[in-house]
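Residue numbers (the numbering used here): 295 to 556. For glycine and all other residues, C-beta sits at the position ideal for the given N, C-alpha and C. In this text, all values refer to a predicted model and were calculated from it rather than measured experimentally.
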Amino acid sequence: MHFPLAQRIAATRNGLSFFEFTGCLFALTGGVVLGSMYLGIDVQGIATSVLEQSKLIETPAGEVDQSFSGDTASDSATDEKGLVLSGGSDSVEATEGAATPTWQEAINNAVNDHMPPELPIEVQKELTGQYWKVLLNALEQAEVAEAQAANQIANMQLYDLLAQKKQLHVAALESLEPLDTHGVNSRVVSYSARLKQWNLDGVRLYSRAMDLLTDTAQAKLSGPSAQSWQSSATQHRMEGRLLKDRQAALKGYVNHWLETAE
Numbered sequence: 295m296h297f298p299l300a301q302r303i304a305a306t307r308n309g310l311s312f313f314e315f316t317g318c319l320f321a322l323t324g325g326v327v328l329g330s331m332y333l334g335i336d337v338q339g340i341a342t343s344v345l346e347q348s349k350l351i352e353t354p355a356g357e358v359d360q361s362f363s364g365d366t367a368s369d370s371a372t373d374e375k376g377l378v379l380s381g382g383s384d385s386v387e388a389t390e391g392a393a394t395p396t397w398q399e400a401i402n403n404a405v406n407d408h409m410p411p412e413l414p415i416e417v418q419k420e421l422t423g424q425y426w427k428v429l430l431n432a433l434e435q436a437e438v439a440e441a442q443a444a445n446q447i448a449n450m451q452l453y454d455l456l457a458q459k460k461q462l463h464v465a466a467l468e469s470l471e472p473l474d475t476h477g478v479n480s481r482v483v484s485y486s487a488r489l490k491q492w493n494l495d496g497v498r499l500y501s502r503a504m505d506l507l508t509d510t511a512q513a514k515l516s517g518p519s520a521q522s523w524q525s526s527a528t529q530h531r532m533e534g535r536l537l538k539d540r541q542a543a544l545k546g547y548v549n550h551w552l553e554t555a556e
């Protein structure tokens, strides 16, 4: 007995089952893709797992999930005790208590590697003594020249007086510039630097005064610019007195240091 209508219905149901399977597969694939886009899901891993379960593909025995191995390697860089793991692909060595140097330590190490070695104390004493003698000689010559200029003030024009004071500072700078400070006591070097700056300020101060004098119609220092210059000159004289006081105190220190340094 034949049932053509039932056979047609059965054939129709087989076709619908295939389409349903295909539709579900596409829906699953689309969901995985969307999930990977918004949630960072591993599409390849999920697709492979699904196809393996459906027996459509087989994973080779030697294949390794690279993303998993990378996460494992990074997670195993340190253990619970804080051990730092180091080494190549063949071996991993753990060193307890090791710490990565900070950027400041790295800079200090680099600077120390390129710094010249510290000179022996005997050499430092010799260099400091020579430097100090030359420095004192330059200061004495500057004081003598200043005293001579003071005696000639009555017979000098104002412009010539300013030019002579400027030249005193120029001569002091010329005597200090060639001095080598390598190996010299740091306090002596600091004082020498302040003395150089003071003489440099003096050159600028009296150069400015000479310009003001030549630019003024009455050929005298007057007006707001002249008042500003006089204020700067007063401050410069005070700094010079402080340097002389500092020189007296430093002289005792240097003599004591040269005698007792070991």
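Closest Cα partner of L537 within the set N493, A457, D509
The residue given as residue 537 occupies position 243 in the sequence shown. Of the listed residues, the one whose Cα sits closest to L537 is N493.
Rounded separation between V428 and L452 - CA only
Here the question's residue 428 lines up with position 134 in the sequence shown. Here the question's residue 452 lines up with position 158 in the sequence shown. C-alpha separation (whole angstroms): 32 Å.
A254 vs L489 beta-carbon contact at 8 Å:
Here the chain comprises residues numbered 295 to 556, so residue 254 is not present and cannot be evaluated.
What's the gap between the Cα of D407 and the Cα of L413?
In the sequence shown, counting from the first residue as 1, residue 407 sits at position 113. In the sequence shown, counting from the first residue as 1, residue 413 sits at position 119. Confidence at D407 is low in this model, with a pLDDT of 48, below 50, so the placement of that residue should be treated as unreliable; the coordinate-derived value is given next. So the alpha carbons of these two residues sit roughly 15 Å apart.
Between the alpha carbons of D495 and L421, how many angstroms are there, rounded?
Position 201 of the sequence shown holds residue 495. Position 127 of the sequence shown holds residue 421. Answer to the nearest angstrom: the Cα atoms are 28 Å apart.
C-alpha distance - A436 paired with P518, whole-angstrom precision
Sequence index remark: in the sequence shown, residue 436 carries index 142 (1-based). Sequence index remark: in the sequence shown, residue 518 carries index 224 (1-based). Each residue's Cα considered, the two are about 31 Å apart.
Can you list, in chain order, the residues of its chain whose CB lies under 6 Å from that of L552, leaving out five sequence neighbours each side?
In the sequence shown, counting from the first residue as 1, residue 552 sits at position 258. The answer, listed in chain order, is K419, G423.
Alpha helix (DSSP H) containing T422: first to last residue?
For the purposes of this step, residue 422 is taken as residue 128 along the sequence shown, with counting starting at 1. First-last of the alpha helix (DSSP H) with T422: 415-445.
Distance, H463 Cα to S469 Cα:
Counting from one through the sequence shown, the residue named residue 469 turns up at place 175. Counting from one through the sequence shown, the residue named residue 463 turns up at place 169. So the alpha carbons of these two residues sit roughly 10 Å apart.
When burial is assigned at 16 or more other CB atoms within 10 Å of the CB, is L544 buried or exposed?
Counted from its first residue, the sequence shown places residue 544 at position 250. Flag for L544 reads buried.
Check this for me: beta carbons of V483 and K460, under 8 Å apart or not?
The sequence position of residue 483 within the sequence shown is 189, counting from 1. The sequence position of residue 460 within the sequence shown is 166, counting from 1. No.
Please state if the CB of Y547 and the CB of R481 are separated by a distance shorter than 8 Å.
On the sequence shown, position 187 is the one that residue 481 refers to. On the sequence shown, position 253 is the one that residue 547 refers to. Taking 8 Å as the Cβ cut-off, R481 and Y547 qualify as a contacting pair.
Quick check on S522: buried or exposed, where buried means 16 or more other Cβ atoms within 10 Å of its Cβ?
Within the sequence shown, the letter at position 228 stands for residue 522. With fewer than 16 Cβ atoms within 10 Å of its Cβ, S522 is classed as exposed.
Could you check which residue in N431, V478, N449, A443 has the C-alpha nearest to that of A466?
Residue 466 sits at position 172 when you count from the first residue of the sequence shown. Nearest option by C-alpha distance: N431.
Looking at the structure shown, is V483 part of a helix, part of a strand, or coil, going by DSSP?
The sequence position of residue 483 within the sequence shown is 189, counting from 1. It is helical.
If you measure between the beta carbons of A441 and Q458, is that distance less than 8 Å?
Mapped onto the sequence shown, residue 441 falls at position 147. Mapped onto the sequence shown, residue 458 falls at position 164. Contact flag unset, no.
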